[in-house]
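Colleague: I have a structure I would like to understand better, so I am pasting it below and will then ask my questions one at a time.
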Amino acid sequence: MITAYISIGSNIDREHYLPAGVEAVAQLADSWRMSRIFEAEPVGFNGDNFFNSVIEIKTSLSLATLQQSLKNIERQLGRPENTQKNQSRTIDLDILLYGNVISECSPIIPRSDLYKFAFVLWPMSELCPELVIPGQQQTIAELWQNFSPQQSLWPVE
Numbered sequence: 037m038i039t040a041y042i043s044i045g046s047n048i049d050r051e052h053y054l055p056a057g058v059e060a061v062a063q064l065a066d067s068w069r070m071s072r073i074f075e076a077e078p079v080g081f082n083g084d085n086f087f088n089s090v091i092e093i094k095t096s097l098s099l100a101t102l103q104q105s106l107k108n109i110e111r112q113l114g115r116p117e118n119t120q121k122n123q124s125r126t127i128d129l130d131i132l133l134y135g136n137v138i139s140e141c142s143p144i145i146p147r148s149d150l151y152k153f154a155f156v157l158w159p160m161s162e163l164c165p166e167l168v169i170p171g172q173q174q175t176i177a178e179l180w181q182n183f184s185p186q187q188s189l190w191p192v193e
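In this note's numbering, each residue carries its 1-based index in the sequence shown increased by 36.
Structure (structure tokens):
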């Protein structure tokens, strides 16, 4: 079993698509847990606010199979195949970490979003504060403590 961390986000009908995405990702796992849901302003474009979370899964899927499965879920939930990076979306599923794997080809693991976005790092700090990112020295909690968010972010009640 491999422990993988997947970021999930939606800003189109987010009350529908975020839970649908979580349910679909959970089907890929032997077990799973999830951070709280956070609301975040979009980064790099004007649009509705996102709901974001991070899901930790235990899976026997290979990295390539997990990546393809997540892309299939995105298509099933209405995300066009060639969606641009900075635009609204029904669902966005990205592998942040996959065990201790470091990959420099697609998908790039650890995903750089861990170092750039509060909507990834805050939920990760809830799920696994003592985890050290492969190839790094600091824990997730230390990264979060030293992070300066560039966007507004708050837990959804």
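Don't be surprised by glycine CBs; every beta carbon is placed ideally from N, CA and C. Please read all numbers here as calculations on a predicted model, not as lab measurements.
(1) To the nearest angstrom, report how far apart SER148 and ALA62 are at their CA atoms.
(2) Please name the residue or residues paired with TRP180 in a DSSP beta bridge.
(3) Classify SER71 as buried or exposed, calling it buried when 16 or more other Cβ atoms lie within 10 Å of its own Cβ.
(4) Classify TYR175 as helix, strand or coil using the three-state DSSP reduction.
(5) With C-beta atoms as the reference, is LEU129 less than 8 Å away from ILE42?
(6) Looking at the unbroken alpha helix (DSSP H) that takes in ASN118, where does it start and where does it end?
(7) What residue range does the alpha helix (DSSP H) around MET160 cover?
Modeller: Answer, in terms of the structure:
(1) Here residue 148 refers to the residue found at position 112 when the sequence shown is read from its first residue. Here residue 62 refers to the residue found at position 26 when the sequence shown is read from its first residue. Roughly 24 Å separates the two Cα atoms.
(2) In the sequence shown, the residue the question calls residue 180 occupies position 144. BP columns for TRP180 are empty, so no partner.
(3) To locate residue 71, count along the sequence shown from 1; it is residue 35. Counting Cβ neighbours within 10 Å, SER71 comes out buried, since at least 16 surround it.
(4) Looking up residue 175 in the sequence shown gives position 139. The sequence shown places Thr at residue 175, rather than the Tyr named in the question. Three-state result, THR175: strand.
(5) Residue 129 sits at position 93 when you count from the first residue of the sequence shown. Residue 42 sits at position 6 when you count from the first residue of the sequence shown. A contact, by the Cβ cut-off of 8 Å.
(6) Along the sequence shown, read from residue 1 onward, the residue named residue 118 stands at position 82. First-last for ASN118: undefined, no H or E at that position.
(7) Position 124 of the sequence shown, counted from the start, is the residue given in the question as residue 160. Segment 154-163, the alpha helix (DSSP H) holding MET160.
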